[in-house]
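As numbered in the UniProt record's numbering, residues 1 to 648 make up the sequence shown, in order.
First comes the structure, then the notes that go with it.
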Amino acid sequence: MDAEKGTAPGVLRAWDFNISPEDLHTRASKIMDECRKICDRVGALQGDEITFESVLEEIAEGQRVFANERLYLDLPMYVSPKKELRDASAEVSGKLNEFEIEIDMRTDIFEKLLVLEKKDTSCLSPERKRFLERLIKLRKRDGLHLAAEVQEQVKQLKNDISDLEVKYNKNCNEENTVLEFTEEQLKGTPEDFIKSLDMVESGKRKVTLKHPHVMPIMKMAVDPETRKKVNFACESRCVTDNIPLLEKAISLRDKKAQILHYPTHADYITELLMARSAANVRRFLTELADKLQPLWEKEKKVLLELKEEECKRQGIPFDGELHCWDVAFYKNLVEERHYKVDQEKLRAYFPLDVVMKGLFGIYELLLRLKFEEIENPALWHPEVRMFKVTDSETKELLGYFFMDLFPREGKYSHFCNIPLQATCVKPDGTRQVGVVAVVCNFPKPTADKPSLLTHTDVETFFHEFGHTMHHLCSQTELVMFEGTTVERDFLECPSQMLENWCWDMEGLSRMSKHYSSGEPLPKELADPLIASRLANVGQFNLRQITLAMFDLELHVKPQAETAKLFAEIQDKLLGYKPQEGTNFAANFSHLMGGYDSRYYGYLWSQVYSMDLFDTRFKKEGILNPKTGMDYRQQILEPGSTKIGAAPV
């Protein structure tokens, strides 16, 4: 499809979504027809017509044009302010999933790939050769080398699973629970936080389950009943609707794995990842948990001592137990009392615009880039900002990113990067630049204060923006290998490595300034923060292991009841259970968003990220442009043209 009117140079779509739900369906039909014709041409090739160019280049172009339109049609369900567009986008996404499965299951195309496999591939570039090998491997994983009846079963299972995933994620995005609390019940949270909450006629304040509302309460509200109520609401979101969808999907995934002769769905998934098998993942998680348990026991003892002191102060009974609604609160107290970290004072030094400017400056310096804001862009919401990215030396255009910073009804409620336009080489030899949406949920500015971030928010921002750079700096030829298409257990590595900049004074000083006085972050606030980096690290990592082990066990023992299994794993690893009647799996969107049997990747990639940092940046300087360019060229630019850990 040609570029649409009103877009910036290199941007192929108009992102204001000034269209109707019917338009989304029409566009979906059009792109499916276009790509089906490409596939029909490849499928009809005979004899000498079957060449690397007539097959691989046609498939590559089909992937490019489909990805461009698909990413456009998917975005509204995550960010559109209009419910009718979100609903239509979800419907269209389901249709496009079905279409992709239809194309993937075409034996006529698979046969052409097998013909090419037998030819001399020495004329192919390494990337084109990997492309051919990957296409064949993926189609065999769909069973195209097996009997026709097996292929039909696999196709139906893939369609059914896709439908369940779309419904699950739509429910998560549309969730809009509101709780009401008196200001007394919110005591301990910042005054400006309480004032920012809408008031109802009774005088109570409205609390949503969005990140900027939940975190201050769970960390700072002194009333345990308030925290308990918020925790229950958070961990029982979408239970009625989503648990049947999830448990059905898990069963179907297992059935598909069995048909394809894999021991489990987890083994099917990890085959193409660095871990290679479910057994290796289990071994990794178990060994890591065993090493962390002694540290967690020490941390837990401290948390319980703090709880006993707090209960005495409030004049309430101390039950000698750590509950799930206690953990964040007492972890925060550890930072305040043992490390003297003052989170409220720190927030004043992290106004969003200052953090963003400093963050941009660091990435510009390290990666030899220049960011320029596009004034008055026509986008899907007035608050969304648009930035152009160029190489600061060559002036080459690399792409654009959109910043959707604040929560709103119907918007995806966490933090993520959403690629909107793949970076690759077009058939005419010119480069198609990348476009990305950075979706955040930071606190909104108030009448008297700008948006003030916690240090955790700053770290999350730095991490997510690292994914943005991975996408935009990619220099691959093909869509299949661009940017963040690396193995899921390596995907987080580049961004995790960059989190180190948020724990170093050299990085912090560039991203901080008092919102009213303009004074720099003082040493007496920064030093305790930096010293607290390892505070509660045992609990944090065991929590990650809990989620990863839960994900793994679900896909090894699919008959398990999700609520019961999660409670057992959390109790075993952390020593406290979820509240009765909750089920975290109902809003654990990773399970239905491409991280099934892959959540362990956050921990797995951490090993590589620390190695990256320690061997280069820590030794050569975290703001060393030479090291930064090596990182850009060796880690970001190759995308998945190499095995994830190969450049490390």
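Note that the Cβ used here is the ideal one computed from N, Cα and C, for glycine as well.
Predicted model, so just to flag it, every value in this text is computed and none were measured.
Check	Outcome
N- and C-terminal bounds of the beta strand (DSSP E) containing D428	No beta strand (DSSP E) holds D428; DSSP gives it neither H nor E.
Spatially closest choice to T615 from Y339, Y631, P263, by CA coordinates	Y631
Continuous alpha helix (DSSP H) assignments of at least 4 residues falling wholly in the segment 187–254	191–196, 211–220, 224–235
Reduced DSSP secondary structure (H/G/I, E/B, other) of I643	coil
Any 3 or more C-beta pairs closer than 8 Å across the segment 506–522 and the segment 266–286	no
N-terminal and C-terminal residue of the alpha helix (DSSP H) that L508 is part of	505–508
For E180 and T319, the rounded distance between their alpha carbons	Sequence check: residue 319 is Asp here, not Thr. So the two alpha carbons sit approximately 27 Å from each other.
Extent of the continuous alpha helix (DSSP H) run through K158	148–174
Where the alpha helix (DSSP H) through T270 begins and ends	265–270
Among M356, L24, E396, L491, nearest to L452 - alpha-carbon criterion	M356
Alpha-carbon spacing of Q63 relative to L45, whole angstroms	19 Å
Cβ contact check for the segment 532–552 and the segment 278–296: 3 or more pairs under 8 Å	yes
Of the listed residues E344, K626, E321, V458, nearest to L365 (C-alpha basis)	K626
Endpoints, the beta strand (DSSP E) within which residue 650 is located	Past the edges of the chain, shown from 1 to 648, lies residue 650, and the structure says nothing about it.
Chain-order list of residues whose beta-carbon lies under 8 Å from that of P9 (same chain, five-residue window excluded)	L397
Cβ neighbours of G188 in the same chain (closer than 7 Å, five flanking residues each side left out)	M220, A221, V222
Sequence-distant residues of the same chain with beta carbon closer than 7 Å to I250, five excluded per side	L554, H555, P558
Sequence-distant residues of its chain with Cβ nearer than 6 Å to F481 (five each side left out)	G639, S640, T641
Helix, strand or coil at K312 according to DSSP, with G and I counted as helix	helix
Own chain residues within Cβ distance below 7 Å of K112, not counting five before or after	V42, L45, I50, V55
Cβ pair count under 8 Å reaching 3, the segment 399–413 against the segment 205–220	yes
Length at least 4, wholly inside the segment 576–610: the alpha helix (DSSP H) runs in chain order	none
Rounded Cβ spacing between G601 and E492 (contact assumed at less than 8 Å)	6 Å
Anticipated Cβ contact below 8 Å, L246 with T562, distance rounded	6 Å
Beta-carbon spacing of V11, Q421 below 8 Å	yes
C-alpha distance - V154 paired with M105, whole-angstrom precision	9 Å
Uninterrupted alpha helix (DSSP H) stretches inside the segment 297–351 (no shorter than 4 residues)	327–338, 343–347
A90 versus A548: straight-line alpha-carbon distance, rounded	27 Å
Identified DSSP bridge partners for P294	P294 pairs with nothing; no bridge assigned.
Between the CA atoms of P76 and residue 650 - distance to the nearest angstrom	Since the first residue of the chain shown is 1 and the last is 648, residue 650 is not available in this structure.
Whole-angstrom distance between N541 and E308, CA atom to CA atom	25 Å
H463 beta carbon less than 8 Å from that of S509	no
Three-state class that DSSP yields for F402 in the structure shown	strand
Local Cβ density within 10 Å of H265, reported as buried at 16 or more and exposed below that	buried
Alpha-carbon to alpha-carbon, E149 and N18	44 Å
N280 (DSSP reduced to helix, strand or coil)	helix
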